[in-house]
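What follows is a set of notes on a single structure, which appears directly below.
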Amino acid sequence: MKFIIRISALLALLSFTSACAPQPTKEVPQEFKKGQEYFHRVCSNCHGSDAMGGQTKAPRLIDTDYIEKEFSNDEIRETVLNGTNKMPSQKNNVNADEITEIIKYLRYSQKTANLTVEEDISEENDDGDESEEKEGA
Ligand code: HEC
1 MKFIIRISAL LALLSFTSAC APQPTKEVPQ EFKKGQEYFH RVCSNCHGSD
51 AMGGQTKAPR LIDTDYIEKE FSNDEIRETV LNGTNKMPSQ KNNVNADEIT
101 EIIKYLRYSQ KTANLTVEED ISEENDDGDE SEEKEGA
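What follows is the structure, given as structure tokens:
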């Protein structure tokens with residue numbers, strides 16, 4: 001009898017640890033919490049915890065490729081609603097307001113991620129000592 005009790009306790013324990021959608025690891029200000037929650041309910045299975053990718057082939061969205069200048073809010077909305085060749089439409093999983101919150105959350109995460117944006121500065125003007133290489137030492 002004791003044995004059976006132990007087995008069922010074990011099973012109960014196991015069911016607690018079973019896999020679920022990736023959880024956020026970052027604390028965000030109150031105004032972005034809803035978006036974070038929606039993102040982790042709908043998108044993180046593919047786009048990873050904190051939209052950092054690594055979960056599947058879905059890209060990391062906290063990336064210079066997806067900042068507003070490169071990929072507008074309207075484009076994100078359209079991607080979510082219509083999907084792409086590789087991403088299934090999410091229109092049955094989120095409503096318009098939820099998408100707005102997700103976009104706010106993604107923009108906040110991008111801004112606070114210290115992404116280095118490539119600029120059109122040529123490497124040629126070389127007047128700093130730090131970039132000089134040691135030669136003939
Ligand atoms: C079932 C997996 C899956 C889910 C769920 C998912 N995505 Fe995607 N997403 C992908 C894949 C795969 C790609 C790459 C698509 C491509 O290259 O065409 C992608 C691409 C994107 C892109 C970039 C599109 C482009 O043209 O570069 C954005 C933005 C995006 N997803 C946002 C979201 C948001 C926001 C959600 C949640 C509302 C979400 N995705 C949910 C799989 C998913």
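Numbering (our numbering), first residue to last: 1 to 137.
Note that CB positions come from ideal geometry on N, CA and C, so glycine has one too.
Here the structure is a predicted model, which is why all the values come from computation and not from measurement.
With a minimum length of 3 residues, there is no unbroken run of beta strand (DSSP E) contained wholly in the segment 16-50.
Nearest Cα to Thr25 within the set Leu61, Ser49, Thr112 and Phe71: Ser49.
The three-state secondary structure of Val94, taken from DSSP, is coil. Residue state for Arg60 is assigned as coil, using DSSP reduced to three classes.
Counting C-beta atoms within 10 angstroms of its own C-beta, Ser72 has fewer than 16 neighbours from the protein chains shown and is therefore classed as exposed. With 16 or more other Cβ atoms inside 10 Å of its own Cβ, Gly35 counts as buried.
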